[in-house]
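Everything in the sequence shown is counted per full-length UniProt numbering, starting at 1 for the first residue and increasing by one. Using N, Cα and C, we set each Cβ at its ideal position, and we do this for glycine too. It should be emphasised that the depicted structure is a prediction, and the values quoted were computed from it without experimental measurement. Worksheet: one structure, shown below.
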Amino acid sequence: MSDSRGARMSRRGLFGLGAAGAAVVGAGVVASNTLLDEAPVAHAASISDPFPFYGEHQAGVVTPAQDRLHFVAFDVITKNRAELVELLQEWTAAAARLTQGKEAGSFGAVGGAPEAAPDDTGEALGLPASGLTLTIGFGASLFDERFGLAGKRPAALADLPKFPGEQLIPEISGGDICVQACAHDPQVAVHAIRNLARIGFGKVSVRWSQLGFGCTSSTSRAQATPRNLMGFKDGTNNLKLEDAELLRDQLWASAQDGSAWMAGGTYMVTRKIRMAIETWDRTSLAEQEQIFGRNKGEGAPLGKQAEFDAVDFAAKGADGQPHIKADAHVRLAHPSNNSNAHLLRRGYNFVDGSDGLGRLDAGLFFIAYQRDPRKQFVPVQMKLAKNDALNEYIKHVSSGLFACPPGVRDAGDYWGRTLFE
Ligand SMILES: C=CC1=C(C)c2cc3[nH]c(cc4nc(cc5[nH]c(cc1n2)c(C)c5CCC(=O)O)C(CCC(=O)O)=C4C)c(C)c3C=C
Ligand SMILES: [Fe+2]
């Protein structure tokens with residue numbers, strides 16, 4: 001393709017920042033990271049700004065959770081390993097551009113030859129980076145015989161067991177490769193996934209995807225805790241980007257874990273969890289609060305006053321009963337009752353319309369990152385599935401487990417290089 005009309009154009013360069021008056025987010029701490037910093041993510045100065053793409057870890061994990069999600073799982077349809085590697089390289093180049101507020105390719109939506117399909121789809125023209133992060137993960141099914149990866153499947157990528165009560169739909173579960181796109185503008189997140197799918201035409205096909213809004217977990221102490229669709233603050237006792245020691249211990253994989261290619265990476269579990277919202281809405285406030293073990297207004301542990309007061313599972317009320325019941329969600333999920341297992345939760349609300357019976361098809365698209373799901377998500381979820389009072393109101397319908405490789409170091413690197421090298 002000729003470059004004659006195609007001077008490099010960015011969304012920004014062409015159409016201006018469009019960021020005037022953008023809200024300031026976080027605590028006003030400006031992103032200051034450089035390549036391969038130990039703590040790669042700070043806070044963008046505004047919700048229009050970009051987060052760095054290159055670094056030791058992928059962005060989109062400890063990055064302060066953005067408001068919108070477009071998550072996609074692909075099946076790889078090419079059987080050719082070289083073609084798959086080439087696609088990962090093309091995707092990486094596009095992701096490096098998109099996350100910085102540029103178009104997917106150097107010609108862009110309108111700068112290429114008129115007789116060729118544009119190398120950007122155009123719907124984000126004029127929009128800023130909007131805090132877009134793109135995070136890739138590899139599912140267990142990629143590690144079969146097709147690409148010679150069978151010997152490289154990490155032990156931590158073991159299939160999840162069947163949990164009591166789950167009703168998984170295979171068509172919206174699993175996948176060879178996933179990409180999590182998070183941004184403050186839904187059009188920017190959707191544009192990114194759409195362009196990755198376009199670039200992957202003939203090599204991958206979309207298996208399933210999910211839109212989300214109103215991040216349901218804060219991942220930084222500078223963020224206010226958001227609320228889930230049950231109306232409760234969600235993410236109060238989440239792993240946060242400021243917890244450096246816990247992140248090293250509980251989030252990032254190391255070479256000593258057994259798969260050297262995953263050093264600096266992490267494991268992502270996704271669960272689409274439908275809520276019986278209409279039933280929940282007819283449940284008394286007192287019962288709702290007992291189910292979670294926190295109050296609805298402040299998000300304080302029952303028996304305490306403020307959101308971040310320490311939980312006391314031994315404390316009892318005047319009736320001699322524990323403030324936080326045996327089957328309360330936070331009692332069952334708390335690290336102190338789970339061999340100190342922590343999760344970095346980064347989920348989103350979803351409403352996929354209604355079900356034709358007058359009920360909203362709504363819930364939580366749960367996403368959790370961790371160093372080893374066998375020691376973290378699996379035991380916690382097994383306990384919840386068996387005992388959680390919340391189970392009366394929720395149903396797990398989709399599941400995913402992905403190994404998210406380390407970050408892309410620089411423009412010569414690509415997503416998954418350590419796996420394919
Ligand atoms: C297996 C992991 C978890 C699933 C699945 C899950 C589903 C789920 N959670 C909420 C709402 C809340 N969860 C809260 C706390 C909390 N949840 C988990 C794990 C899972 N939740 C953990 C590890 C924790 C932290 C427990 C603690 O340390 O105290 C809370 C309280 C506020 C908070 O700390 O985030 C709420 C509210 C829903 C609605 C849901 C499924 C639909
Ligand atoms: Fe929870």
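Range covered by the alpha helix (DSSP H) that runs through residue i
i: V378; result: F377 to N387
i: T92; result: R81 to L98
i: F292; result: L285 to F292
i: D281; result: I277 to D281
i: R331; result: H329 to A333
Euclidean distance between Cα positions of residue i and residue j
i: Y348; j: L364; result: 6 Å
i: A411; j: E115; result: 30 Å
i: S254; j: P405; result: 11 Å
i: Y54; j: L168; result: 35 Å
i: L401; j: V269; result: 5 Å
i: D37; j: T63; result: Residue placement at D37 is flagged as unreliable, the pLDDT there being 38, under the threshold of 50; the coordinate-derived value follows with that caveat. Computed Cα separation, rounded: 14 Å.
i: V351; j: M275; result: 10 Å
i: M179; j: R346; result: According to the sequence provided, residue 179 is Val. The question's Met does not apply to it. Answer to the nearest angstrom: the Cα atoms are 14 Å apart.
i: K386; j: I273; result: 16 Å
i: R331; j: F313; result: 7 Å
i: L357; j: I291; result: 26 Å
i: G264; j: A222; result: 24 Å
i: S339; j: F143; result: 30 Å
i: A27; j: A117; result: The pLDDT assigned to A27 is 28, lower than 50, so where the model puts this residue is not dependable; a value taken from the coordinates is nonetheless given after this. Each residue's Cα considered, the two are about 43 Å apart.
i: A150; j: Y393; result: 39 Å
i: P154; j: A95; result: 25 Å
i: L390; j: D327; result: 9 Å
i: L344; j: R198; result: 31 Å
i: R227; j: A192; result: 26 Å
i: R97; j: G111; result: 16 Å
i: G353; j: G407; result: 36 Å
i: Q187; j: S217; result: 21 Å
i: P50; j: E242; result: 20 Å
i: A7; j: G105; result: Unreliable positioning characterises A7 in this predicted model, as indicated by a pLDDT of 32, which lies under 50. The coordinate reading is nonetheless provided below. When rounded, the distance between both Cα atoms is 11 Å.
i: G416; j: G202; result: 20 Å
i: F107; j: G122; result: 11 Å
i: P301; j: A310; result: 8 Å
i: D355; j: I277; result: 12 Å
i: L17; j: A124; result: Note that L17 has pLDDT 34, beneath the 50 cutoff, so the model's placement of it is unreliable and the number below is only indicative. If you take the alpha carbons of L17 and A124, they lie about 12 Å apart.
i: S259; j: A286; result: 47 Å
i: E56; j: F366; result: 25 Å
Proximity below 7 Å, CB of residue i to CB of residue j
i: L134; j: T99; result: yes
i: T236; j: E298; result: no
i: D185; j: G139; result: no
i: A183; j: L132; result: yes
i: T219; j: K233; result: no
i: Q89; j: Y414; result: yes
i: Y369; j: V72; result: no
i: A341; j: Q381; result: no
i: D120; j: A109; result: yes
i: G200; j: L84; result: no
i: P373; j: Y267; result: yes
i: L157; j: A403; result: yes
i: H396; j: E166; result: yes
i: A65; j: C215; result: yes
i: K79; j: R146; result: yes
i: G91; j: L247; result: Per the sequence shown, the amino acid found at residue 91 is Trp instead of Gly. Not a contact, by the Cβ cut-off of 7 Å.
i: D388; j: H329; result: yes
Span of the beta strand (DSSP E) around residue i
i: I246; result: Just to set this straight, residue 246 is Leu in the shown sequence, not Ile. Taken as a continuous stretch (DSSP letters only), L246 belongs to no beta strand (DSSP E), being part of the alpha helix (DSSP H) at A244 to Q250.
i: D361; result: L360 to Q370
i: L149; result: Segment: none, L149 is in no beta strand (DSSP E) and carries neither H nor E.
i: F420; result: Where F420 is concerned, there is no enclosing beta strand (DSSP E), although the alpha helix (DSSP H) it sits in stretches over R417 to F420.
i: H396; result: I394 to C404
i: A73; result: R68 to V76
i: N349; result: Y348 to S354
i: F138; result: T133 to G139
Nearest-angstrom Cβ-Cβ length linking residue i and residue j, presumed shorter than 8 Å
i: S209; j: I77; result: About 16 Å separates the two Cβ atoms, so there is no contact after all.
i: G293; j: R68; result: Wrong, their Cβ atoms sit about 29 Å apart, outside the cutoff.
i: K296; j: G231; result: 6 Å
i: E398; j: I172; result: Reading off the sequence shown, one finds Ser at residue 398, where the question assumed Glu. At roughly 4 Å, the Cβ-Cβ gap stays under 8 Å, so S398 and I172 are in contact.
i: H70; j: A244; result: In fact, because the Cβ distance is near 30 Å, the residues do not count as touching under 8 Å.
i: A129; j: S48; result: 7 Å
i: W261; j: K152; result: 6 Å
i: G303; j: A318; result: Actually they are not in contact, since the Cβ atoms of G303 and A318 sit about 11 Å apart, beyond 8 Å.
i: D75; j: R207; result: 5 Å
i: P170; j: V378; result: Not really, about 20 Å apart at Cβ, beyond 8 Å.
Cβ of residue i within 7 Å of any chain D Cβ
i: V204; result: The displayed structure is made up of one protein chain only, and chain D is not part of it.
For the stretch 161-210, list the beta strand (DSSP E) runs that are entirely contained and at least 3 residues long, ordered along the chain.
177-183
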